[in-house]
Amino acid sequence: MNKSSMKKNMNRRDFMKRGAAMVVAGSLPLSVVEVAFGKNNPQNFTFAYISDSHITHIKGNKFVRNWDRGLIRAVAETNLMDPKPDFVFYGGDIAQLGKPEEIDHGLEILSGLHAKTHYVMGEHDYYVDLGEYWQKQLGPDHYSFDHKGVHFIVLNSILTYEKWMHKKWDKGMDRMLQMARLDNPDGQPFMVGGSQREWLKNDLAKISKDTPLVVFSHSPIQKIHKGWNFWTDDAEQVQALLKPFDKVNVIYGHVHQIQYNQIGNISFHSAMATAWPWPYPSSYVQVDTYLPRLTVEMNRADPFNERDATGWQFINMANGNIDFNYLLPENKNRVVAFDSKQGKPVDKNYQEKGNRIPPQSHY
Ligand SMILES: [Fe+2]
Ligand SMILES: [Fe+2]
């Protein structure tokens, strides 16, 4: 997209102000999220969100170049943001197979960020050694912090049954490969687990109910598509703990595509990946039988184009509700904003199916 057509497509004045950084962002394939709290509030702040880099080791000091480049660009973009983000959040899956080389290489690139960075663990970081190396480098896998009136919670949502994790594996990599596959009948469902839920309960006991909450998880704290683990098995129990709060937002990575919906008091938003977009699972029809219907599909012409639907996201979180703005380098930009009348995030530029670029077929 060139500079002038990109400006025409911007829906918010916020974007217009972001001059230089936006122009670069519009021409580059990356996923960065910026969050702002209102315009005239002294508490206003922004933070950036980068996710799913899947740094992949080949051998020696060689890594898959495209995935490196997605992350390098996201870091460069984040450093160009104006205003500067107060912090950066990384949404998980730094590594493809959790190897120390991959985590180190990813963290070396991320060390270029000027702002403090918080992390959540993805399943690709975890299953080779049950998170040992990740935690050695980055610390605890669940924690909370407060920032300018908002309570942020980080949950490790990609755990599974203890018995399966700790069974006798020849190599940790066998366990990793089981979890890295889609539609794998031998895979296991993700979950937050009892001890973390207990921790969350205690953490929330200290927080007043009108404090806006932002929960960061890697997998969605809801049930979308089990075969691909777009799913957290104890989602309802976690949601119940969040229910007493006025404004709750869950932001997650993992799905490598745009998703948003509302369940009770909780707004859910996904962030795009810097590595590649997943196609939509054809069995999304399954959603009808589960919790609220999942959003509307992003207008994606080509799910197998590695850069279609990786993009740049701006989140406005005035008054504790999140508005997402997606800049999609090869597609129509989108705005998903909380509609107080409908009580859920709504796509402001919803395109009827017939008006979208038809998906391509791949054989
Ligand atoms: Fe991922
Ligand atoms: Fe993931």
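Under this note's numbering, think of the first position of the sequence shown as 4, with each following residue one higher.
Idealized CB from N, CA, C, for every residue including glycine.
Computed from a prediction, not measured in an experiment: that's the story for all the values here.
Bridge partner(s) assigned by DSSP for residue i
i	result
Phe48	DSSP output for Phe48 lists no bridge partner at all.
Lys226	Trp234
Val218	Ile156 and Val253
Arg337	Tyr329
Asp342	Lys347
Asn264	Phe271
Met84	Its beta-bridge partners do not exist; DSSP assigns none.
Ile53	Tyr93
Ala243	Note: Ala243 sits in no beta bridge, so no partner.
His259	His259 pairs with nothing; no bridge assigned.
Exposed unless 16 or more other CB atoms sit within 10 angstroms - verdict on residue i
i	result
Glu135	exposed
Leu33	Residue confidence for Leu33 is low, a pLDDT of 42 falling below 50, so the modelled location carries little weight and cannot support an answer.
Thr298	Caution is warranted here: a pLDDT of 48 is assigned to Thr298, below 50, making its placement in the model unreliable, and no coordinate value can be reported.
His145	buried
Gly184	Looking at the sequence shown, residue 184 is not Gly but Arg. Counting Cβ neighbours within 10 Å, Arg184 comes out exposed, since fewer than 16 surround it.
Asp149	exposed
Glu80	buried
Asn205	exposed
Asn64	exposed
Tyr263	buried
Gly95	buried
Lys102	buried
Gln99	buried
His169	exposed
Gly115	exposed
Nonlocal neighbours in the same chain, by C-beta distance under 7 Å from residue i, ignoring five residues either side
i	result
Pro86	Thr49
Val67	Thr59 and Ile61
Gln140	Ile106 and Leu110
Pro247	Lys212
Asp189	Gln181
Ser160	Phe193, Val195, Ser220, His221, Ser222, Ile224 and Thr235
Gln138	Asp144
Residue i - DSSP class collapsed to helix/strand/coil
i	result
Asp369	The requested residue 369 does not occur in the structure, where the chain is confined to residues 4 to 366.
Ser270	strand
Lys65	strand
Asn187	coil
Lys204	helix
Ile75	helix
Ala278	coil
6 Å Cβ shell around residue i - same chain, five flanking residues per side excluded
i	result
Tyr293	Unreliable placement is indicated for Tyr293, whose pLDDT of 46 sits below 50; the coordinate value is still reported in the next sentence. Same-chain partners within the cutoff: Lys226.
Val218	Ile156 and Val253
Ser349	For the sequence presented, residue 349 should be read as Val rather than Ser. So the list reads Asp342, once near-sequence residues are dropped.
Leu162	Met194 and Gly196
Leu216	His154, Phe248 and Val251
Val258	Phe233 and Ser273
Trp167	Gln191
Gly214	The residue you asked about is not Gly; residue 214 is Thr in the sequence shown. His154, listed in sequence order.
Own chain residues within Cβ distance below 8 Å of residue i, not counting five before or after
i	result
His108	Ile58, His60, Phe66 and Asp71
Thr120	Phe90, Val91, Phe92, Tyr93 and Leu113
Gly267	Gln242 and Lys246
Handout entry: Every unbroken beta strand (DSSP E) within the region 104 to 184, with a cutoff of 3 residues, ordered by chain
Key = 119 to 122, 146 to 150 and 153 to 157
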